[in-house]
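The numbering of the sequence shown is the numbering used here, which starts it at 33 and goes up by one. Here a beta-carbon is modelled for each residue, glycine too, at the ideal position from N, C-alpha and C.
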Amino acid sequence: MKSHVLLGAALLASVLGACAPAVTAPQTGRIVNAVTGEEGTATFTRGTLTPRLGDPFAPDNATIRIGGRTYAGRTYLIGNGALPGGLGFSVAFGASSGTDGSAVTGGGTRVEGGRPVPAYTGNLIARADGDAPGILTCTLTVDAQERGVGECFDGAGTRYALQF
């Protein structure tokens, strides 16, 4: 009986230990200036890229670093839509023979469109403090695993592409 309890505790500890980094690590991505090609980083607090009742005064959950500046802001996601699923392609061949000398061969191919992936849309408003304050406004599309894409504009109208 005692070994079952210890085995269960060890199994639970290993499962929790394996999940902890994935749950607590921030979601990191990149941002690219569409004019200059300069790249930066975008970091989101894990677990905050899901739709929920919004609190416009909640703490910041996003940090963007690009062009020697650091922007901090808050995402807000609403509704749901769908991202297109990927394409699938498969090829199969088979053959069999019987004891009576008969033989059968066959083959097949299949191409299919993947099922749409649930997605959420929203925005991010981030600001940079300092001698020359700045702002980034971004439109986001995020899936259930908190991966996504976006498009941002700064106060001068420069466009940025965002992947995370």
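Practice item. Can you give me the Cβ contacts of Pro165 inside the same chain, cut-off strictly under 8 angstroms, excluding the 5 residues immediately before and after it? Key: If you number the sequence shown from 1, residue 165 lands on position 133. Within the same chain, Pro165 has close Cβ partners Arg159.
Practice item. Please say whether Thr107 and Thr73 have beta carbons closer to each other than 8 angstroms? Key: Counting from one through the sequence shown, the residue named residue 73 turns up at place 41. Counting from one through the sequence shown, the residue named residue 107 turns up at place 75. Not in contact: Thr73 and Thr107 (Cβ atoms no closer than 8 angstroms).
Review point. Pick from Val64, Thr60 and Gly162: whose alpha carbon is nearest that of Phe185?
Key: On the sequence shown, position 153 is the one that residue 185 refers to. Per the Cα distances, Val64.
Review point. If you draw a straight line from the C-alpha of Leu20 to the C-alpha of Asp92, how long is it?
Key: In the structure displayed, the chain extends from 33 to 196; residue 20 sits before or after that span and is not available.
**Study point:** Cut-off 6 angstroms between Cβ atoms - residues of its own chain near Val67, not counting five sequence neighbours on either side
**Key:** Indexing the sequence shown from 1 puts residue 67 at position 35. The answer, listed in chain order, is Thr190.
Check your understanding: Excluding five sequence neighbours on each side, which residues of the same chain lie with their C-beta closer than 8 angstroms to the C-beta of Gly99?
Key -> As a position in the sequence shown, residue 99 is number 67, starting the count at 1. The answer, listed in chain order, is Asn65, Glu70 and Gly72.
Review point. Going straight from the alpha carbon of Pro150 to that of Ile157, what length do you get?
Key: On the sequence shown, position 118 is the one that residue 150 refers to. On the sequence shown, position 125 is the one that residue 157 refers to. Looking at the two C-alpha atoms, the distance is approximately 23 angstroms.
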